[in-house]
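Residues in the sequence shown are numbered consecutively from 409, following the working numbering. For reference, the structure is listed below as structure tokens.
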Amino acid sequence: MNTDSALVRHIETLCVHQSSVRDTTFNSVILPIYATSTFSFDGPGKNKGFEYSRTANPTRSALEGCLAALEHGAGATATATGMAAETTVMGLFDAGSHIIAGHDLYGGTYRLFVEILSKHDLNFSFVDMRNIDNVAAAIRPETRAVWVETPSNPLLNLVDIGAVSALTRERGLMTIVDNTFMSPCLQQPLRLGADIVVHSTTKYLNGHSDVVGGAAISRTNELAEKIAFLACAMGTTCSPFDAWLVLRGLKTLSCRMVAHERNAQAIARFLDAQPQVERVYYPGLESHLQHDLAKKQMSGFGGMLSFDLRGGREAAFRFIQTLRLFTFAESLGGVESLIEHPESMSHASMSAEARIAAGITESNIRISAGIEHTEDLIRDLRCAFEAVAAH
Ligand SMILES: *Cc1c(COP(=O)(O)O)cnc(C)c1O
């Protein structure tokens, strides 16, 4: 374990030598799960930096240090879920604040904003952020932040993080980026000018579909401290066991992302050549409308893609259920390939109008490419196309 910045220059090394928190009692190579709710005092006001695990716990602190380093932030807070991270961050804003968000957000984020935070007098505008002019036009005197998700879900639209950050800086606003789809291995929003990065660590960061978790990483100490305070006060922090699982997953993040991307790229090209496929959404295809932006702000194209299958919902479900290596499930970012139907599953929490505005139709199918062998995945897809065609 060595996070000496002169020595650790690459993210692959950082993922492995991730933590400066060490077990000095027995020199265990792996940091223990500090399963304790409370910590004893040596005397009045004297302890070893920990008092109560909702506020801080050594295993969670190790994860937070690692996430801050990976995203080039000043500090991080690890939360119970991705939604807990989002809820905590939104605690920064006073009643009456206005926030501009993308029109094609993760369904749960949209639901949090529209169904819950609106009741607490936060106001939202949802705009197509592919055009930065739409963001500028939505700014009001009471606007406090711009919430960016890029690539978006499930249509893989991109938002220019550098351009949004420059605009918000000029107007005294904050830029918050949901970096769940890319992970810090492929996109580093704070380096592009953003103020806060949020993650659902449930996805790529943990990577093994066996935990739900989240995180918020801040560019400045001041913001990091505010978010840590909010998480403690709101009770949104994660358990030591969950923190430990995410730390374990992070060690292989960089090599998993390479494998996810290799498969996604191959699947996207295969789908693009199928007559039954109307359109493929993947930033790694030259035909993607924002392929140049993808090459500019990301260091890879990621493991997520979606496509429109001819024949509507019925064909979509027949196709999905014929597959054998792709598990029919929501979520993403695990080592196993997953497939789902956004309209009726991951994006069912959006209103029908919001889905239409975002361009999500009943023909759309989303794939989270796992790390299996590419040929096996392509063979499974080919068989499913033959089955749909034969019907
Ligand atoms: C899953 C997800 C979330 C929510 O995270 P949970 O861990 O499920 O609470 C937020 N944003 C994106 C992009 C996601 O994929």
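Beta carbons are placed, not taken as given, at the ideal position from N, Cα and C, and that holds for glycine.
What is the rounded straight-line gap between the Cα of residue i and the Cα of residue j?
i           : j           : result
residue 508 : residue 716 : 28 Å
residue 773 : residue 764 : 15 Å
residue 588 : residue 424 : 20 Å
residue 515 : residue 434 : 45 Å
residue 799 : residue 711 : 30 Å
residue 621 : residue 649 : 11 Å
residue 599 : residue 480 : 7 Å
residue 485 : residue 666 : 26 Å
residue 590 : residue 705 : 11 Å
residue 684 : residue 675 : 14 Å
residue 643 : residue 542 : 36 Å
residue 545 : residue 506 : 13 Å
residue 615 : residue 452 : 43 Å
residue 419 : residue 592 : 8 Å
residue 569 : residue 750 : 25 Å
residue 792 : residue 718 : 14 Å
residue 698 : residue 761 : 25 Å
residue 786 : residue 682 : 12 Å
residue 519 : residue 552 : 20 Å
residue 797 : residue 686 : 14 Å
residue 629 : residue 720 : 49 Å
residue 411 : residue 422 : The pLDDT assigned to residue 411 is 49, lower than 50, so where the model puts this residue is not dependable, and the model offers no usable value.
With H, G and I counted as helix, E and B as strand and the rest as coil, what does DSSP make of residue i?
i           : result
residue 454 : strand
residue 416 : coil
residue 558 : coil
residue 409 : Note that residue 409 scores a pLDDT of 41, beneath 50, so its modelled location is shaky and nothing firm can be said.
residue 725 : helix
residue 586 : strand
residue 610 : coil
residue 713 : strand
residue 503 : coil
residue 702 : helix
residue 779 : coil
residue 635 : helix
residue 626 : strand
residue 553 : strand
residue 772 : strand
residue 571 : helix
residue 533 : strand
residue 615 : coil
residue 666 : helix
residue 735 : strand
Would residue i be called buried (16 or more neighbouring beta carbons within 10 Å of its own) or exposed?
i           : result
residue 446 : exposed
residue 709 : buried
residue 454 : exposed
residue 581 : buried
residue 415 : exposed
residue 528 : exposed
residue 524 : exposed
residue 771 : buried
residue 663 : exposed
residue 438 : exposed
residue 576 : buried
residue 732 : exposed
residue 456 : exposed
residue 432 : exposed
residue 703 : exposed
residue 512 : buried
residue 759 : exposed
residue 729 : exposed
Does chain D have any CB closer than 8 Å to the CB of residue i?
i           : result
residue 502 : Of the protein chains in this structure there is only one, and it is not chain D.
Select from the options the residue whose C-alpha is nearest the C-alpha of residue i.
i           : options               : result
residue 608 : 429, 632, 797 and 517 : 517
residue 557 : 636, 538, 550 and 737 : 538
residue 550 : 579, 565 and 542      : 579
residue 645 : 492, 770, 420 and 628 : 492
residue 692 : 680, 649 and 604      : 680
residue 640 : 417, 760, 451 and 459 : 459
residue 788 : 745, 571 and 758      : 745
residue 430 : 418, 470, 463 and 456 : 470
residue 725 : 795, 461 and 740      : 795
residue 463 : 635, 618, 591 and 544 : 635
residue 554 : 563, 669 and 574      : 574
residue 444 : 451, 436, 450 and 467 : 467
residue 482 : 512, 511, 417 and 604 : 604
residue 441 : 530, 653, 548 and 738 : 653
residue 567 : 535, 617 and 422      : 535
residue 465 : 651, 565 and 713      : 651
residue 756 : 670, 562 and 583      : 562
residue 626 : 585, 657 and 659      : 585
residue 672 : 610, 740, 490 and 619 : 740
residue 754 : 560, 678, 612 and 476 : 560
residue 780 : 703, 503 and 669      : 669
residue 496 : 571, 768 and 631      : 631
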